[in-house]
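Chains as they are written, first to last, in our numbering: chain A, 1 to 94; chain B, 1001 to 1257.
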Amino acid sequence: MTLDPATAAILATVERLVIEVAGDEITLAGPLTLATSFNADLELESIEFVALAEKLQAHYGAQVDFVGWISTKQLDEIIALTVGDLVTFIAART
Amino acid sequence: MADLTVNGVRLHVQRLGAGARVAVFVHGLVMDNLSSFYFTLATPAAAHRAVRLFDLRGHGLSERPAGGYAVADFVADLAALVDAESPDAPVDVIGNSFGGLIALAFAHAHPARVASLVLIDAHDGTAGWAAQMAATLGLQGQARDEKIAASFQAWLGRHSERKRTRLADHARALVEGTTLVADLEASPPLDLARLATIAAPALLLYGEHSDVRDRGAALAAALPAATLEVVAGCTHSILWEATALVRDRVVAWLEAR
């Protein structure tokens, strides 16, 4: 699947920040795609997710209210989050 | 990463919301970190307070010094954080499990710094607590891992095998690589009779089937302005088992004062 340039740029940023938070080995199974699940695929720990949220906020600024967005979700929804969900959220606000 | 160095130790801090009134959240022991509150109570609470979450020393993304894990050390960290984040006004302190014990000990040591307390299935730190905790954490090898896993089952149940392993590795490093167990064991017990000096209103939420439910009743009797609610059907992990109820109670509590 070919991504449009804006989506690809956001995906690349998310991948970079995920690696900053969790280390290189997080992508050993392959690069992040929109279908990658934070929990089932990346096995990101909840404290790493907090750190990722902080980095996203620092990168995109206040208009991307990641914490506020997360807070509208049930825990089960958070656990099921994919990289694509996050990229869509960011794309709608940048 | 947002952090704050207190007593020579770098602590990971998350700040949400704004305003002059501050609420500080204190998480539980060993397997826990600030993310428990981040994903449950922090954002709704931030509508009413400037919320401060932090990882206790040795936990989460905070520094893990080799020593300094007595209850008094955790209280000193909390006191320094409160001084930095709310120098002029008392704060609401919300503590879960061991975090509730720290909140209680902080309120006892610094009553003027506390606007209110919320204790979620808190240990009370009276005689016997440290021995029980040390007996759990002081076990060796597989017996210890199994006991830790059982104690934190609700928490671990949400995690995959790899994460379970990483959390267990983290717990092992804290338990075996620091003086945590010895320091907690050597911490003097809290004297319930002396808690009468804590004038701040306190909300006590305990699980019906929690192993520390009787501590809730004892604290409700010892604290001058306590409200106790026993949450039906829950164990010690009420933050996970009854997240919506705990969130509603905490938000209403902050909103009302």
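C-beta: ideal position from N, C-alpha, C; glycine also.
Note on B:P1201: 16 or more other CB atoms within 10 angstroms of its CB, so buried under the neighbour-count rule.
Boundaries of the alpha helix (DSSP H) harbouring B:R1215: 1213-1222, taken from the DSSP string. Cβ-Cβ distances below 8 Å link B:G1067 to T1178, T1179, D1183 in the same chain, with the five nearest sequence neighbours on each side left out; the list follows chain order. It is roughly 21 Å from the alpha-carbon of B:A1080 to the alpha-carbon of B:V1030. Contact of B:T1005 with chain A is not assigned, every C-beta pair being separated by 9 Å or more. A51, A53, E54, K55, V67, G68, I70, S71, T72: these are the residues of the region 51-72 of chain A whose beta carbon lies less than 9 Å from some beta carbon of chain B, given in chain order. Within chain B, the residues placing a beta-carbon under 8 Å from that of A:I78 are F1039, ordered along the chain.
The straight-line gap separating the alpha-carbon atoms of B:T1040 and B:L1245 is approximately 11 Å. Counting only runs that start and end inside the region 1011-1078 of chain B, the beta strand (DSSP E) elements of at least 3 residues fall at 1022-1026, 1050-1054. A:H59 is classed as exposed because its beta carbon has fewer than 16 other beta carbons within 10 Å across all chains shown.
Excluding sequence positions up to five before and after A:F89, its CB lies within less than 7 Å of the CB of W69, all in the same chain and listed in chain order. Neighbours of B:S1062 in chain A, taken as residues whose beta carbon is under 8 Å from its own, are absent, since the nearest beta carbon is some 10 Å off. Relative to the Cα of B:V1212, the nearest Cα in the group B:A1072, B:L1119, B:E1255 belongs to B:L1119. Within the same chain, Cβ atoms closer than 6 Å to the Cβ of B:A1046 are found at L1016, G1017, the five residues on either side in sequence being excluded. For the region 24-55 of chain A, the residues whose beta carbon sits under 9 Å from a beta carbon of chain B are, in order, N39, A40, E43, L44, E45, S46, I47, E48, F49, V50, A51, A53, E54, K55. Taking the CA atoms as reference points, B:V1071 sits about 31 Å from A:A22.
Excluding its 5 nearest sequence neighbours in each direction, B:L1137 has C-beta neighbours in its own chain below 6 Å: V1175, V1181, listed in chain order. In the structure shown, the three-state DSSP call for A:E45 is coil.
Any Cβ of chain A closer than 9 Å to the Cβ of B:A1168 would place that residue at the interface, and such an atom is absent.
A:A51 is a Cβ neighbour of B:L1061, given a cutoff of 9 Å. Relative to the Cα of A:A8, the nearest Cα in the group A:I19, A:L34, A:A29, A:G30 belongs to A:L34. A:E54 sits buried, since 16 or more C-beta atoms from the chains shown fall within 10 Å of its C-beta.
In the three-state reduction of the DSSP assignment, B:L1117 falls in the strand class.
Residues of the same chain with a CB within less than 7 Å of the CB of A:V14, apart from the 5 flanking positions on each side, are L32, V83, L86, V87 in chain order.
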